Amino acid sequence: MFKAGTWVEIEAVLLTPEERAPNLPPDTAQVPYILKLSGFLTEDADMGKEVTIRTLIGREHRGVLKVANPSYAHSFGATVPELLTIGLGGQA
282 MFKAGTWVEI EAVLLTPEER APNLPPDTAQ VPYILKLSGF LTEDADMGKE VTIRTLIGRE
342 HRGVLKVANP SYAHSFGATV PELLTIGLGG QA
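Position 18 of the sequence shown, counted from 1, bears residue number 299 in the working numbering, the numbering being contiguous throughout.
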């Protein structure tokens, strides 16, 4: 059980496959359009249950609790040495 006020990530289906645009590629059209959103739990909840969160700007959203204390796992990729000196005017 996670306490109210815990930073979490929820998922919610925004569009089912049947509701999606007809001009999408077939592999895209057959899956739902999913929202992933982080915020603070408004009440105690268990993983996998439908919950309400309050975002940093104060909006409330409902969805299924997927992650407690989510973090970011993206990057901007490997360093490109040739780009490191751009803007230094040849001074490295």
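Backbone N, C-alpha and C define an ideal beta-carbon position, used for all residues, glycine too. Please read all numbers here as calculations on a predicted model, not as lab measurements.
Nonlocal neighbours in the same chain, by C-beta distance under 6 angstroms from residue i, ignoring five residues either side
i	result
His342	Leu318, Ile334
Asn350	Trp288
Of the residues the options, the one placed nearest residue i, counting alpha carbons only
i	options	result
Thr323	Asp308, Glu300, Ile291, Glu299	Ile291
Asp327	Val345, Leu296, Ala359	Val345
Leu295	Tyr314, Phe321, Asp325, Glu331	Tyr314
Lys284	Ile367, Ala354, Val332	Val332
Rounded distance between the beta-carbons of residue j and residue i, thought under 8 angstroms
i	j	result
Gly320	Thr336	4 angstroms
Pair within 7 angstroms by beta-carbon distance, residue i and residue j
i	j	result
Pro298	Gln311	yes
heavy atom of the ligand PLP below 6 angstroms from residue i C-beta
i	result
Gly329	Because no ligand of any kind appears in the structure shown, any question about the ligand PLP cannot be addressed here.
DSSP beta-bridge partners of residue i
i	result
Ile291	Leu318, Leu346
Ala326	Phe283
Close beta carbons around residue i, own chain, < 7 angstroms, minus the five adjacent residues each side
i	result
Gly286	Phe321, Leu322
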